[in-house]
Amino acid sequence: SFLPDYISGDFDSIQPEVKEYYKVKGCELIETMDQDLTDFTKCLQILQKKIEKKGLQIDVIVALGGLGGRFDQTMASVETLFLARNITPFPVIVIQECSLIYLLQPGKHKLCVDTGLEGAWCGLIPIGNSCESVTTTGLKWNLS
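Numbering (our numbering), first residue to last: 1149 to 1292.
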């Protein structure tokens, strides 16, 4: 079974027995009471500090979950991707069930998706600013 190295958040909605389970299993519980940021954003901040402290070599940060449930919580995950640019130099990807989200930074990108797991749809949504020039190839309805 998989156990996280640490669990971070304000723990306002965790069941006491769940919190105790992970504590007994040796997971570090890091309480962050700041309500100005989401638990996901605070977790990224902690993760980046741990990466730097341990000198870890990574290519990408993958978060599992955060896209199901309430719309405001899904949009908070999108906001965290936007804020992540100032938290970590690594790309952050969020995956849940049939969705994967990733914030493209300004510039040219080539996305090659051929895992055999993807569906027949793809969405590009401008976040933060309008997009002046977008060109796609390989989609059913390409942008130019």
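Just so it is clear, CB atoms sit at the ideal spot from N, CA and C, and this is done for glycine as well.
The alpha-carbon separation between K1190 and L1229 amounts to approximately 12 Å. In the three-state scheme derived from DSSP, where H, G and I count as helix and E and B as strand, V1226 is classed as helix.
The DSSP assignment places complete beta strand (DSSP E) segments of no fewer than 3 residues inside the segment 1159-1232 at 1176-1179, 1209-1212, in order along the chain. DSSP places I1243 in the uninterrupted beta strand (DSSP E) bounded by 1240-1244. For D1160, the closest of L1151, Y1169, Y1154, D1182 by C-alpha to C-alpha distance is D1182. Of all C-beta pairs linking the segment 1199-1214 to the segment 1164-1173, fewer than three are shorter than 8 Å, placing the two stretches out of contact.
The shortest CA-to-CA distance from I1209 to any of P1237, D1184, Q1244 is the one to P1237. Here the alpha carbon of L1251 sits roughly 22 Å from the alpha carbon of G1264. Non-local beta-carbon contacts of S1292 in its own chain, meaning distances under 6 Å to residues more than five positions away in sequence, involve T1283 in chain order. Check the Cα spacing between D1184 and each of L1204, L1231, S1247: the tightest is with L1231. Distance from the CA atom of P1254 to the CA atom of I1275, rounded to whole angstroms, is 11 Å. Rounded to whole angstroms, L1287 and K1258 show a C-alpha spacing of 13 Å.
Secondary structure of G1157 (DSSP, three-state): strand.
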